[in-house]
Amino acid sequence: MEDTRNKILLAVDGSDQALEAVRYVSQVLPHQRTKVVLFHVNIEAPASFLDLEKTKEFGAKATAVRAWMAGRESVMKKFLEKAQKILVNAGYSSNAVTVKAQSKKKGIARDILRESLKDFGAVVVGRTGTSGVKDFVIGSVANKLIGKLHHLPVVVVEGSPMPKKILVAFDGSEGALMAVDCAGSLLVDPDCEVALRHIIRPLDIEKMGPDQLFPPKDEAEWLETMKREIDPAMEEAKDRLINAGFTSSRVTTKIISGKRSRAKALVEEAKEGGYGTIVMGRRG
Numbered sequence: 000m001e002d003t004r005n006k007i008l009l010a011v012d013g014s015d016q017a018l019e020a021v022r023y024v025s026q027v028l029p030h031q032r033t034k035v036v037l038f039h040v041n042i043e044a045p046a047s048f049l050d051l052e053k054t055k056e057f058g059a060k061a062t063a064v065r066a067w068m069a070g071r072e073s074v075m076k077k078f079l080e081k082a083q084k085i086l087v088n089a090g091y092s093s094n095a096v097t098v099k100a101q102s103k104k105k106g107i108a109r110d111i112l113r114e115s116l117k118d119f120g121a122v123v124v125g126r127t128g129t130s131g132v133k134d135f136v137i138g139s140v141a142n143k144l145i146g147k148l149h150h151l152p153v154v155v156v157e158g159s160p161m162p163k164k165i166l167v168a169f170d171g172s173e174g175a176l177m178a179v180d181c182a183g184s185l186l187v188d189p190d191c192e193v194a195l196r197h198i199i200r201p202l203d204i205e206k207m208g209p210d211q212l213f214p215p216k217d218e219a220e221w222l223e224t225m226k227r228e229i230d231p232a233m234e235e236a237k238d239r240l241i242n243a244g245f246t247s248s249r250v251t252t253k254i255i256s257g258k259r260s261r262a263k264a265l266v267e268e269a270k271e272g273g274y275g276t277i278v279m280g281r282r283g
């Protein structure tokens, strides 16, 4: 049976951010192990707009709508050609990059979700897009996909992320190990630097009064206990990444303590270390 883990559904809308998502795929995913489908859902004018042609008063408006649609199709065609060229120039074979464009059926996110059921290994989408159509704000589409697409990894690209540096948020859970395996199957590159990071929050994260609930001694013991418990799982995660193909010396582990917000700590770590990709499980 064909291994579909590296068949990528790359949803694009013609925006600059969608092009950044294309560049991300071209720079981060291994070319020899990846097939890419550039997927575009076309927004057509509602039938009510086209009914304008039947009236003398609004016939000119209908013509303008048709001109907008034709212009949009032309822009999207050029975008898809450019996207294909970026991928092929980066090292993808021409037969590993295909294009699929269709008219909207149920909704942007729902159409992407339905397409993702066709033996894909991951979905990639830009964080924000540019469109005059309210339903095609890719930021809202990305959020919907994260919330509804549970059977596949979702890669959300924002800005122009630096390639070759990956931050993996790890808490020892089954979801975290699945995220590690995802990084190993989708992103493996001997030249990549992979940072496994575990965050331990302080005991008094939820204070019950004006005084400190736990003294420093308890905090220190808590920290050591948590480190002992997570160390074996961190080593297992590191071994999985190395066995997947990452270079041993470029896979590091680190435990961060004293941070009240795990999300904020991860963002700070990514910014300070220049990590362009953050990998995390859906549930910890």
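Mapping of the sequence shown onto numbering that gives the first Met the number 0: residues 0 to 283, in sequence order.
Built from N, CA and C at the ideal position, the CB exists for glycine as well.
Bear in mind the structure is a predicted one, so any value in this text is a computation, not a measurement.
- Measure the CB-CB distance between leucine 240 and valine 193 and report whether it falls below 8 Å. yes
- Message: Could you compute how far the alpha carbon of alanine 20 sits from the alpha carbon of lysine 34?
- Response: 15 Å
- Message: Per the DSSP calculation, arginine 196 is bridged to which residue(s)?
- Response: Ala168 and Lys253
- Message: According to DSSP, is serine 159 part of a helix, a strand, or is it coil?
- Response: coil
- Buried or exposed: which applies to serine 25, given that a residue is buried once 16 or more other Cβ atoms fall within 10 Å of its Cβ? buried
- Message: At a threshold of 7 Å, does lysine 6 count as lining the ligand HEM (C-beta to nearest heavy atom)?
- Response: In terms of ligand content, the structure shown is empty, and the ligand HEM therefore cannot be addressed.
- Proximal residues to serine 93 (C-beta, below 6 Å), its chain only, five neighbours per side dropped: Val87
- Do the segment 267–281 and the segment 148–162 meet, that is, are 3 or more Cβ pairs less than 8 Å apart? yes
- Message: Three Cβ pairs or more, each shorter than 8 Å: is that satisfied between the segment 139–151 and the segment 245–254?
- Response: no
- What is the residue span of the alpha helix (DSSP H) that glutamine 26 lies within? 15–27
- Task: Quick one: residues in its chain with C-beta nearer than 6 Å to the C-beta of valine 98, no 5 flanking neighbours on either side, listed in chain order?
- Result: Leu37 and Leu79
- Assumed close pair glycine 90, histidine 30 - CB separation to whole angstroms, cut-off 8 Å: 4 Å
- CA-to-CA distance, arginine 109 to valine 132, given in whole angstroms: Legend: pLDDT at valine 132 = 40, less than 50; position of this residue unreliable, value from coordinates given subsequently. Their backbone Cα atoms lie some 16 Å apart in a straight line.
- Using 10 angstroms around the beta-carbon of glutamate 271, count the other beta-carbons present and answer buried if the total reaches 16, otherwise exposed. exposed
- Query: What is the DSSP secondary structure of leucine 79, reduced to helix, strand or coil?
  - Reply: helix
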